[in-house]
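Engineer: Protein chains in written order, with this note's numbering: chain R, 176 to 406; chain Z, 176 to 406.
No residue lacks a Cβ here, since even glycine has one placed at the ideal position from N, Cα and C.
Attaching a single structure in structure tokens format; questions to follow.
Pasting the structure below:
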């Protein structure tokens, strides 16, 4: 596949340069940016909504929503009174730094502590694209199966934290949590794994532990003042 | 995004030329090729295994497995005594015609009626790549949510049939089947929708209707002889 590499490299180089610009801008404003990766339907928007509920008393939050088409996700965020910018990639399976730059131009950076980026639903393409974020995290949902670290190793390797969502359905799908943790641990020993339920009847399960982890990350970048999470 | 289009176009042109070669080779051998698209964990391999069980008495089947990494899927197919070729894309989020060509070189085309291609788990990238197949079909699984046609319209538009898998979990995930069918119908009025359960306790549900549809498609290309499906 040398043909592909030769073509992709210039795109990635340009992307990285713009990502560095994004990062410098965010650093200047002491804003922490989180890039959330997952398959379609893994629960990205629900997880972001649960995270907003846990952190909004302490931090000023905005969301950048990446989708092939539609603005249903950014509408859900805006309904919570949180600024949200929708990016429609029109076919591209990942966000790029240039798109993030345009979104940052729209947001009021003087009034934010954290920006959560919901990337396009995809376990493959977004992995290679640095956007200027402080961390990438990923969500795997239980119905997708415990064998996914073996099949999509790249995304598990770039994630600073792995959220295992929909753990209320572990039995329905015969999901082997022990095997999953072992395989993730082998690919990425530094990644913290958070079992959660983002939505539904048991919605909120595990969200406190995850939010405390994220809060501590933001705290390191912000002007301090301690971490508190609404439970 | 003119930059992207300019770079992608030559790849797609080359891909289409090689796809036409694949198709001519398949036509010569009266082999029907099916390209199966879905997200990671939607149940592609399980659906293919259920389809093999339904059709193997009538047709000679082979499978081409596309994965970023690992050969667990092709191992599952081979355990059933079915020829399977594993393609590891090493990062690429879709199969291309050149990869299929290499797989066709390995298979014994004189002894086959249908080749099922399991594309890389992804609702976006494989959509644009014609491989020489007779039809693309897609699987959406209930846990992914009924809003996916709005967010990933492209894949629903190219699919000749849409399999809705894991319908034994409709209630667990508040999946609105009526809304889903309405949205798919708007994007692609020609697509047939098959509600199925590919694996688990209720595994096999809906597989007969789907297999009969597929059998009729193969029949049109083969030397005839009627369709029968093991129930």
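1) Using beta carbons (cut-off 9 Å, strictly below), is residue 229(Z) in contact with chain R?
2) Which same chain residues, not among the five before or five after residue 286(Z), have their C-beta less than 8 Å away from its C-beta?
3) Which complete alpha helix (DSSP H) runs does the segment 214-239 of chain R hold, if anything under 4 residues is left out?
4) Just to make sure I have the definition right: I need the residues of chain Z whose C-beta is within less than 8 Å of the C-beta of residue 295(R). Which are they?
5) Is DSSP giving residue 179(Z) helix, strand or coil here?
6) Determine the DSSP secondary structure at residue 371(R), reduced to helix, strand or coil.
7) Between the beta-carbon of residue 272(R) and the beta-carbon of residue 192(R), is there less than 9 Å?
8) On a Cα-Cα basis, can you pick out the residue from 307(Z), 204(Z), 324(Z) and 309(Z) that is closest to residue 246(R)?
9) Does DSSP put residue 203(Z) in a helix, in a strand, or in coil?
10) Mind pulling the chain R residues with CB within less than 9 Å of residue 391(Z)?
11) Rounded to whole angstroms, what is the Cα-Cα separation between residue 214(Z) and residue 332(R)?
12) Output the distance between the C-alpha atoms of residue 256(R) and residue 240(R), rounded to the nearest integer angstrom.
13) What's the gap between the Cα of residue 289(Z) and the Cα of residue 194(R)?
14) Any Cβ of chain R within less than 9 Å of the Cβ of residue 215(Z)?
15) Cutting at 8 Å between CB atoms, please list the residues of its own chain near residue 388(R), excluding the five before and the five after it.
16) Can you grab the Cα-Cα spacing for the pair residue 190(Z) / residue 228(Z), in whole Å?
17) Taking 9 Å as the CB-CB limit, is residue 305(Z) close to chain R?
18) So is residue 177(R) in contact with chain Z if we call contact Cβ pairs under 9 Å?
19) Per DSSP, what are the beta-bridge partners of residue 394(R) in this structure?
20) Under the assumption that residue 373(R) contacts residue 222(R) (Cβ atoms under 8 Å), give the Cβ distance between them as a whole number of angstroms.
21) Please compile the residues from chain Z whose C-beta is within a distance smaller than 8 Å of the C-beta of residue 243(R).
22) Could you tell me the distance, in whole angstroms, from the CA atom of residue 396(Z) to the CA atom of residue 293(R)?
23) Considering just the uninterrupted stretch of the beta strand (DSSP E) at residue 337(R), what are its terminal residues?
24) By the DSSP assignment, the alpha helix (DSSP H) with residue 354(Z) in it spans what residues?
25) At what residues does the alpha helix (DSSP H) containing residue 325(Z) begin and finish?
26) Is it right to say residue 405(R) is buried, meaning 16 or more other beta carbons lie within 10 angstroms of its own, or is it exposed?
27) Would you say residue 349(Z) reaches chain R, if we count a Cβ-Cβ gap shorter than 9 Å as a contact?
Structural biologist: From the atom records:
1) no
2) 235
3) 219-230
4) 299
5) Below a pLDDT of 50, predicted positions are generally treated as unreliable, and residue 179(Z), at 40, falls in that range; no measurement from the model is reported.
6) coil
7) yes
8) 324(Z)
9) helix
10) None at all; the shortest Cβ gap to chain R is about 30 Å.
11) 19 Å
12) 15 Å
13) 46 Å
14) yes
15) 336, 367 and 369
16) 32 Å
17) no
18) Residue confidence for residue 177(R) is low, a pLDDT of 32 falling below 50, so the modelled location carries little weight; the figure read from the coordinates is stated next. By this cut-off, residue 177(R) is not an interface position.
19) Answer is none; residue 394(R) lacks a bridge partner.
20) 4 Å
21) 299, 326, 327, 328 and 329
22) 44 Å
23) 336-340
24) 352-362
25) 323-326
26) exposed
27) yes
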